[in-house]
Amino acid sequence: MDLRLLFVAAIWGVNFSVIKFALTDFLPLVFTVARFSLAALFLFGLMRATGTSFAIARGDRPALIILGLIGVTLYNIFFMVGLSYTTASHSALLISLSPLVAAVLQTVSGRERLGARSFAGLALATVGVILIIRSHHGAITFSSSMVIGDLLTLCATIAWALYTIKARPLLEKYPAITVTAYSMAVGSIMLAPFAAKEITQVPWSQISPGSWSAFLFAALIAGGIAHSLWYQGVKRIGVTRTIVYHYLMPFFAVLVAALFLEERITLAQIIGGLSVLFGVAIVQKRPNR
0 MDLRLLFVAA
10 IWGVNFSVIK
20 FALTDFLPLV
30 FTVARFSLAA
40 LFLFGLMRAT
50 GTSFAIARGD
60 RPALIILGLI
70 GVTLYNIFFM
80 VGLSYTTASH
90 SALLISLSPL
100 VAAVLQTVSG
110 RERLGARSFA
120 GLALATVGVI
130 LIIRSHHGAI
140 TFSSSMVIGD
150 LLTLCATIAW
160 ALYTIKARPL
170 LEKYPAITVT
180 AYSMAVGSIM
190 LAPFAAKEIT
200 QVPWSQISPG
210 SWSAFLFAAL
220 IAGGIAHSLW
230 YQGVKRIGVT
240 RTIVYHYLMP
250 FFAVLVAALF
260 LEERITLAQI
270 IGGLSVLFGV
280 AIVQKRPNR
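The opening residue of the sequence shown carries number 0 in numbering that gives the first Met the number 0; numbering runs sequentially from there.
Here is the structure:
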């Protein structure tokens with residue numbers, strides 16, 4: 000297990016509740032643009048403080064723009080609009096499938112060759128996530144009115160998988176913090192026009208200190224730091240072995256809810272959590288040579 004990626008999964012698992020709390024005062028798109036803009040500025044500040052080069056070769060700039068478009072702009076539009084048309088359980092389940100989507104895309108494109116053990120681990124983790132989400136949100140239902148929301152959320156899932164995959168060539172040339180900072184900055188700029196109408200609707204003077212604290216956590220910790228560590232993982236151990244940690248987010252979300260919100264943990268959640276942990280461990284284990 001990679002402790003840095005475990006930290007990322009835990010932070011992102013907590014971040015769902017943090018963002019939900021912040022959105023009692025903020026509007027979604029304004030919050031997202033402000034969050035990633037501040038995260039980018041924070042990372043640029045760290046780059047300057049550590050002497051990390053800001054230079055990006057002209058030929059790599061289009062790839063960075065595409066990365067920001069996919070991972071920040073499109074992902075958040077698809078996710079937020081999709082969530083407004085479907086249920087929380089559908090959304091959580093579809094978003095959690097990004098490791099499986101990434102594995103399929105990697106295999107089809109020939110970028111990574113995955114053996115039967117890796118796919119078995121992915122399948123086990125997928126079953127675990129379904130158990131956790133079904134138990135936490137209730138039975139997963141379906142109606143024709145959810146089709147649009149589910150399709151948009153699936154697009155968000157694909158966008159996140161591509162955001163992780165497409166970064167690999169850039170990470171071979173540049174530090175993870177550089178790729179993260181530029182992709183967030185570009186993505187925020189492209190997302191800003193969609194949030195323009197919301198800016199005047201936010202009661203800025205009435206935002207509580209708690210919501211501002213939640214915003215800072217989402218921007219600096221869950222945004223800048225966690226995304227940089229995520230890309231470090233991609234650079235260090237590859238796409239599939241990194242993105243499988245995405246499965247741990249629902250596990251940590253339920254664990255935090257039990258510890259701090261006194262929500263009851265069910266047997267299904269325990270079984271699901273163990274399935275996720277074993278599945279991730281199977282994917283992480285290198286084959287004997």
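Beta carbons: idealized from backbone N, C-alpha and C, even for Gly. Just so we're clear, the structure is a prediction, and the values are computed from it rather than from any experiment.
Take ALA217, set aside five residues on each side of it, and the residues of its chain with a beta-carbon closer than 7 Å to its own are ASN14, VAL17, ILE18, ALA21, ARG34, in chain order. Under a 10 Å Cβ-count criterion, PHE25 is classified as buried, with 16 or more other Cβ atoms of the shown protein chains found around its own Cβ.
Within 10 angstroms of the beta-carbon of PRO208 lie fewer than 16 other beta-carbons, which makes it exposed. CYS154 has its alpha-carbon roughly 19 Å from the corresponding atom of THR106. Under the three-state reduction of DSSP output, GLN231 falls in the helix class. Here THR31 is buried, its C-beta having at least 16 other C-beta atoms within 10 Å.
Excluding residues up to 5 positions away in sequence, ASP24 lie with their Cβ nearer than 6 Å to the Cβ of ILE206 in the same chain. Apart from the 5 residues on each side of it in sequence, TYR84 sits with its Cβ closer than 6 Å to the Cβ of ILE147, GLY148 in its chain, given in chain order. Counting only the Cα atoms, LEU28 lies some 14 Å from PRO202. Shown here, ARG263 sits in coil according to DSSP, grouped into three states, outside any helix or strand. For the alpha helix (DSSP H) assignment, the uninterrupted runs of no fewer than 4 residues enclosed by the stretch 38 to 107 are, from N- to C-terminal side, 60 to 67, 74 to 84, 87 to 95. Sequence-distant Cβ neighbours of VAL178 in its own chain, meaning closer than 8 Å and more than five residues away, are LEU63, LEU66, ALA166, LEU169, LEU170, TYR230. Note on geometry: alpha-carbon atoms of LEU5 and VAL126 lie some 20 Å from one another. Here DSSP, grouped into helix, strand and coil, assigns ILE206 to coil. For ILE198 and VAL282, the gap between their C-alpha atoms comes out near 44 Å. Secondary structure note for ILE220: it is in no alpha helix (DSSP H), with a DSSP letter that is neither H nor E. Using a C-beta cut-off of 8 Å, the stretch 270 to 279 makes contact with the stretch 118 to 125, since at least three inter-stretch Cβ pairs fall below that distance. Of the other Cβ atoms in all chains shown, 16 or more fall within 10 Å of the Cβ of PHE43; this residue is therefore buried.
Shown here for ALA101: same chain residues with a beta carbon closer than 7 Å to its own, the five before and five after excluded, namely ALA160, THR163, ILE164, VAL238, THR239, ILE242 in chain order. The Cβ-Cβ distance between VAL7 and LEU228 falls below 7 Å. Under the three-state reduction of DSSP output, GLY237 falls in the coil class, being neither helix nor strand.
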